[in-house]
Amino acid sequence: MKKKNTLIAATKGKTTSFSETIKTEVVCPNDTNPMGILQGGRLVQWMDIAAAVCAQTHADGICVTASIDTVRFFHSAKVGDILTIKAKITRAFNTSMEIMVEASVRDVFGNKPQALCLAYFTFVAIDSKAKKRSVPPIALVSEEDKRNFELAGLRKEKNI
Ligand SMILES: CC(C)(COP(=O)(O)OP(=O)(O)OC[C@H]1O[C@@H](n2cnc3c(N)ncnc32)[C@H](O)[C@@H]1OP(=O)(O)O)[C@@H](O)C(=O)NCCC(=O)NCCS
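Each residue of the sequence shown is one higher than the one before, starting from 895 at the first, in my numbering.
Shown next, in the form of structure tokens:
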């Protein structure tokens, strides 16, 4: 009986919330440029880690970054600011997955958080011999899931 339920769940795919990953960071002096502003590369590194955790949770195994696309910085962050980095799978293809990563920034004084950065990461699942392997599909449970899924397909087509 238990086996049957597992099979049904696998056929339906994993939800996007199953692997959604939230990472928090505080900007420290070592993360900034001489103006005291967070370096873009440091932020992308943190986003890459959140995206990797998300991809690996979905794929149940090691995944490598294949590409980072459309990195947009909307705001700056300074020493002491608190960042929230959210990584969410938008689509699982064959061996690759697109992970949308959004970062926001807030200060410690209770002001409204601001959108900081948005980027799309593609991860490829690999096995113990570093050979690519297939990943489970995602279960689309919301309108947002469906929209993200379709847009991920368009982005993949555009990049080919
Ligand atoms: C990513 C990697 C595994 C792809 O291997 P490959 O044999 O070239 O694979 P393919 O060209 O057959 O592509 C495999 C999948 O990845 C996708 N892919 C490959 N390169 C991609 C890129 N630059 N952008 C987006 N997707 C990419 C393909 O579309 C394909 O997706 P699908 O199977 O879901 O349809 C390989 O290039 C690699 O190991 N790169 C280094 C990864 C790494 O070390 N990352 C850390 C950076 S320091």
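Just so it is clear, CB atoms sit at the ideal spot from N, CA and C, and this is done for glycine as well.
DSSP, reduced to helix, strand and coil, places C948 within a helical segment of the structure shown. Sequence-distant partners of F1043 (beyond 5 residues in either direction) whose C-beta falls short of 8 Å from its own C-beta, in its chain, are T984, R985, I1032, L1034.
By a beta-carbon distance limit of 8 Å, W940 does not contact I976. Their separation comes to about 12 Å. For ligand 1, no non-hydrogen atom lies closer than 7 Å to the CB of N924. Going by DSSP, F987 is part of no beta strand (DSSP E) at all; its letter is neither H nor E.
Listed in chain order, the non-local C-beta contacts of S1028 below 7 Å within the same chain comprise N988, T989, local neighbours out to five positions each way being set aside. 8 Å or more divides the Cβ of G907 from the Cβ of V973. Looking from the CA of R936, the closest CA among M991, A1009, V1018, S970 belongs to S970. A Cβ-Cβ separation of about 4 Å places A1046 in contact with E992 under the 8 Å criterion. For T910, the number of other beta carbons within 10 angstroms of its own is at least 16, and it is reported as buried.
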